[in-house]
Amino acid sequence: MDQQVSATMLLEVNHCGQAYPKDSNNELIVLDDVNVSLRSGEIVGLLGRSGSGKSTLLRIIAGLLRPTRGEVLWQGKPVRGPVRGVSMVFQSFALFPWLSVQENVELGLEAQGVPRAVRESRAEDAIDLIGLGGYESAYPKELSGGMRQRVGLARALVTHPDLLLMDEPFSALDVLTAETLRTDLIDLWSERKLPVQSILMVTHNIEEAVLMCDRILVFSSDPGRVAHEMTVPFAHPRNRLAPDFRQMVDDIYAVMTRRKSPAELRTQPAQVATGFATPLHPIGTNLMSGLLETLAADPYQGKADLPALAAALQYEADELLPLGETLQLLRFADLEEGDIKLTEQGKNFVNADTDTRKKLFAESLRAHVPLVAAIRQVIDERWNHRASAVRFRDELEDHMSPERAEETLRTVIAWGRFAELYSYDEEAQQFSLEDVEEE
Amino acid sequence: MSSIAPPALIHGRRLPNIWDAAAIAVVLAILIGVANVAQGTLAPLTSVQATAIHLNPAYLPGYALRTTLRMFAAMIASLIFTFTVATLAAKSRRAAIIIIPILDILQSVPILGFLSFTVLFFLHLFPGQELGAELAAVFAIFTSQAWNMAFSFYQSLTTEPTDLDEACRSFGLTPWQRFWRLDVPFAVPGLVWNMMLSMSGGWFFVVASEAITVGNTTFTLPGIGSYVAVALGKSDLLAIFYAVIAMLVVILLYDQLLFRPLVAWSGKFRFETVQGAASTEPWALKLLRRTFLLRQIGGWVGDRVAVIGRMRMGRADRTFRNAGTAERSSRLADAAFYLLVAGAASYALWQVVAFCAAHLHWSDLFTCIELASFTLLRVIAALVISCIIWVPIGVWVGLRPKATKLVQPVAQFLAAFPANLLFPVIVAGIVAFKLTPNIWLTPLMILGTQWYILFNVVAGASALPGDLKEVAASFGLRGVLWWRRLVIPGILPYFITGALTATGAAWNASIVAEVASWGKVTLVANGLGAYIAQATTAGNTSKIVLGVAVMSAFVLSFNRLIWRPLYAYASRRTNLG
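In the order they appear, the protein sequences are chains A and B.
Counting from 1, position 35 in the first sequence corresponds to residue 35 in the working numbering; the numbering is continuous, with no gaps.
Counting from 1, position 542 in the second sequence corresponds to residue 542 in the working numbering; the numbering is continuous, with no gaps.
Encoded structure:
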């Protein structure tokens, strides 16, 4: 902690925004007015759901992406491209499959034109530091996921960067492997063995953020912005089971499930207001039924604490929250201050047989998902009871990225099929009433 | 490895569009230009054809070596073309607009029809020297190899994984380092596979391009192809037999020493995160990897080469990438560029129209289309017959791993063997039994390319998921139902890949297959291939251009309207998820 007093400012993000042009007078805002500063000696976490723009922010800081608004200052100078003192660790590891561990690690040094002898000795140091000794001549495909990410870390550290950027570095690993890597990294950091001054990591795992970071910035989605900032006062090594630790995790869950305040809603761009084009989470109907049944059943009796539920189901916040929000959208459950509660409708759903469940689901869809209602309405109005998916996709794409639009469309197709509201012909890309029994 | 579809299939657009039209005009104009230059220089060039070809088999090893060297010269030229032109297309949006449609068209142009002009063109560049004829032959082979390689490389460059691209940029690799560290390695599996397809097709061209007759003049280069041509003229069946043996040896060496090691080696670059099942190592690669001395030499060479790739040539790309897919560039520059392209295309179109108006009549076009329909019928008939033969055999083989191991290399070997060497044998048979050329010349077209159908079907059948086979067996699927529900949908994408390759090559082969001679007897079938071949012999530029254009149009429409939608449908339908 004492080093932070004399800490120098490494990085400043000033009013950064990122928007993708949709058409001439419409744009899709991914990041909105983000301000972040980073000093030497701290680990900062960007915590948020997928699609909240935190990875975009990391790429802007890395100099890989140009922000459409605002600027990034690196050691006082504006960033105009990839910066030398910054290294990145990727979620997907981004190892070159045709290069051995040693060659992968040497990549950054090669780019700097470091002579061969120096290159080899520095690479070996990094490999030993990160616990990869003996794997030098192996190829990435021979390694397990954990070992691959160690290569990714060694490759980023070998250039002795001032700032280490990590983009969800442990999310592609299984629980135990991820935990080992986290503690190894934190140990090296605490012992001041890492040749870096500061670490900025993106994560959607709340516990991971509390475990590793000195400061956490919680992102909100649509558009992405820093909704909350908190300092983690605990010393390393941290105990996940300590009451203070649990309390902080609970608090962050509460922040992330908090409904937007009216003030926040007012400043939202008009795009979100049109209910028709609300992006939907691709949640399967089996998953929904499963969660509803779990909530209704014994330990929970209709109400559960999200962190506890996540732990029991071995889910991460990033997986559980969209599910909860979808149930809330359909009025089957309520999210409140880190809790999830079954509604009357939800209880009815759980107690019903398959056919009744389909009916309840259909009613809820038509009442609360405007897109489903619109599709069904167009089908009913048409003489041949068919509606092309293309027009809906086009309309969705006016309000969201093509990937989100596709995902949303896939979701309503799946939901509508389950509810037997309409069927869908993949080849013709048409909605119809073909397999739907007339009511 | 045969699951790598030919570029003609995966390329996104389906229906011909405005860029294709422009590209067709440009390609035709270039061909006409080359033809005109060549035409003007026909007269003074009669002095070069002097090389005498001896039918004594003792000369054959030397000839085989010359043929092989030509082949490799063309391959090196194709690689250089690929690395430069495809890279340019991938890195510059504007260049891609011009290059990609032209490559796409060139893929479908039966370049064999233009052999005579390229020969004359190069002879004109180096008057009185053998070098001109050599270059012409190399160029002919190059034109049969380069396009699909460039396409494959372009495709790899545009589908590089974003995380590796970001890694390269954030570590500050220079463009040169990036090229050897990311671009080329990522492209290697596709590129090697296409190189090998090109080489297989190339043997056909090298044989065809060594002895060219234009007007009254025959240009011969020492090689197996000209050896066969001379043997043909003298009706020497024994000499042809020797040539076939020599070619078999050459292809066998090429197959064992180059093809197999290279394909196995390229597996190292396959972009997969899990370790695939280890396939057997070809003996040549094993030798190279396990023998101490060879390994040392290989390692030393590898190190030297790697140093070149590591050199920091150029400056690192230390700039932002803009959000969104397309770079936002100045509209004014764009407008100027499009105007330029439109101008060039219009000029090309005008040249084509002027040329046609001066030399051709509408009736010529109708004749060509009529003849092309005959050839089309022949191609379809040949395709259907070879499917009836090879699909059941291929499925039978593919379902038995042991048989697959035996048959697959043989089929690939046979695909590389230049079928035109075997033509004389069949032609001699047709002459001897007095058969109708219109029917019996047909098999020649697909003789060399049917193997693509076989080995793709074998690959498809052996890739059928085991659990699906078990389900079919446990439900007692049999006979027609077993084919309809399991086998045909399962092998469809593979089959289409094979059929496309086979038919494309069959069109090209029609130029040498529809006219065949044996000693003093010449057999002619009614078709566009014969039309082009005869126009070549007569030195009639305008008819050659017309014939080639019509044939290209047929091949192109066939690919775009049938194969590509079929392939898209098949791969959509037969993929889970």
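All C-beta atoms in this analysis are idealised placements derived from N, C-alpha and C, irrespective of residue type, glycine included.
message: Taking only three categories from DSSP, how would you classify Gln197 of chain A?
response: coil
query: If we ignore side chains and look at the alpha-carbon of each, how far apart do Ile61 of chain A and Gly146 of chain A end up?
result: 26 Å
task: Can you tell me the Cβ-Cβ gap for Ala90 of chain B and Thr174 of chain B, rounded? I've got them flagged as a contact below 8 Å.
output: Actually they do not touch by this definition, with Cβ atoms about 17 Å apart.
field: Straight-line Cα distance separating Ser209 of chain B from Phe232 of chain B
entry: A small fix is needed here, since residue 232 of chain B is Leu in this sequence, not Phe. About 15 Å.
- request: Please name the residue in B:Phe475, B:Phe558, B:Phe171 and B:Phe413 whose C-alpha comes closest to that of Ala499 of chain B.
  value: B:Phe558
message: Measuring CB atoms only, is the segment 140–158 of chain A touching the segment 91–103 of chain A, in the sense that at least three cross pairs come out at less than 8 Å?
response: yes
field: Cβ-Cβ separation, Leu433 of chain A to Tyr422 of chain A (assumed contact under 8 Å), whole Å
entry: 6 Å
message: On the criterion of 16 or more Cβ atoms from any shown chain inside 10 Å, does Ala473 of chain B qualify as buried, or is it exposed?
response: exposed
Simplified DSSP state of Gly233 of chain B, which is helix, strand or coil: helix
task: Starting from Asp163 of chain B, find everything on chain A with Cβ-Cβ shorter than 7 Å and list it in chain order.
output: Phe90, Ser92 and Ala94
field: Start and end residues, beta strand (DSSP E) containing Asp305 of chain A
entry: Lys303 to Asp305
message: Alpha carbons only, please: which of A:Tyr139, A:Lys141 and A:Val158 is nearest the one belonging to Ala126 of chain A?
response: A:Val158
field: Cβ-Cβ distance between Phe204 of chain B and Pro401 of chain B below 8 Å
entry: no
query: Taking contact to mean at least 3 C-beta pairs separated by less than 8 Å, is the segment 521–533 of chain B in contact with the segment 333–346 of chain B?
result: no
task: With 8 Å as the threshold, decide whether the Cβ of Gly70 of chain A is near any Cβ in chain B.
output: no
field: For Pro517 of chain B, the first and last residue of its enclosing beta strand (DSSP E)
entry: The displayed chain sequence assigns Ser, not Pro, to residue 517 of chain B. Here the beta strand (DSSP E) through Ser517 of chain B covers Val515 to Trp518.
task: Quick one: grab the DSSP three-state call for Ala277 of chain B.
output: The pLDDT assigned to Ala277 of chain B is 47, lower than 50, so where the model puts this residue is not dependable; a value taken from the coordinates is nonetheless given after this. It is coil, neither helix nor strand.
task: Check each candidate in B:Pro110, B:Ser108, B:Leu135 and B:Asp104 and name the one with the smallest Cα separation from Val119 of chain B.
output: B:Leu135
field: Beta bridge counterpart(s) of Gln18 of chain A as assigned by DSSP
entry: A:Leu31
message: What does the Cβ neighbour count give for Pro61 of chain B, buried or exposed, with the cut at 16 atoms within 10 Å?
response: exposed
query: At which residues does the beta strand (DSSP E) containing Ala277 of chain A begin and terminate?
result: Segment: none, Ala277 of chain A is in no beta strand (DSSP E) and carries neither H nor E.
Where Ala387 of chain A sits in the DSSP three-state scheme: strand
query: How would you call Asn420 of chain B, buried or exposed, if buried means at least 16 neighbouring beta carbons within 10 angstroms?
result: buried
message: What residue range does the beta strand (DSSP E) around Ala333 of chain A cover?
response: Ala333 to Glu336
- prompt: What whole-angstrom Cβ distance do Pro161 of chain A and Met201 of chain A have, given they're in contact under 8 Å?
  reply: No, Pro161 of chain A and Met201 of chain A are not in contact; Cβ-Cβ is about 14 Å, not under 8 Å.
task: Express the C-alpha separation of Thr68 of chain B and Thr220 of chain B in angstroms, rounding to a whole number.
output: 16 Å
field: Listed by chain order, chain A residues near Ala553 of chain B by CB distance under 8 Å
entry: The contacting residues do not exist; Ala553 of chain B stays about 29 Å from chain A at best.
- prompt: Can you tell me where the beta strand (DSSP E) with Val72 of chain A in it begins and where it stops?
  reply: Arg69 to Trp74
Cβ shell of Thr325 of chain B (< 7 Å), same chain only, five flanking positions each side left out: At Thr325 of chain B the pLDDT is 41, less than 50, meaning the model places this residue with poor confidence and gives no usable figure here.
query: Checking contacts by CB at 8 Å: is Leu153 of chain A closer than that to chain B?
result: no
- prompt: Does Leu45 of chain B come within less than 8 Å of chain A when only Cβ atoms are used?
  reply: Model confidence at Leu45 of chain B stands at a pLDDT of 49, short of 50, so the residue's coordinates are unreliable and nothing is read from them.
- prompt: Taking the alpha-carbon positions, what's the Cys213 of chain A to Ile206 of chain A distance?
  reply: 11 Å
task: Check each residue of the segment 391–413 of chain A: if its Cβ is closer than 8 Å to any Cβ of chain B, include it; give the result in chain order.
output: none
Inter-residue spacing [alpha-carbon to alpha-carbon] between Val206 of chain B and Leu546 of chain B: 24 Å
- request: Would you mind working out which of B:Ala25, B:Leu164, B:Leu197 and B:Ala506 sits nearest Asp183 of chain B, comparing C-alpha positions?
  value: B:Leu164
Boundaries of the beta strand (DSSP E) in which Gly45 of chain A is found, first to last residue: Ile43 to Leu47
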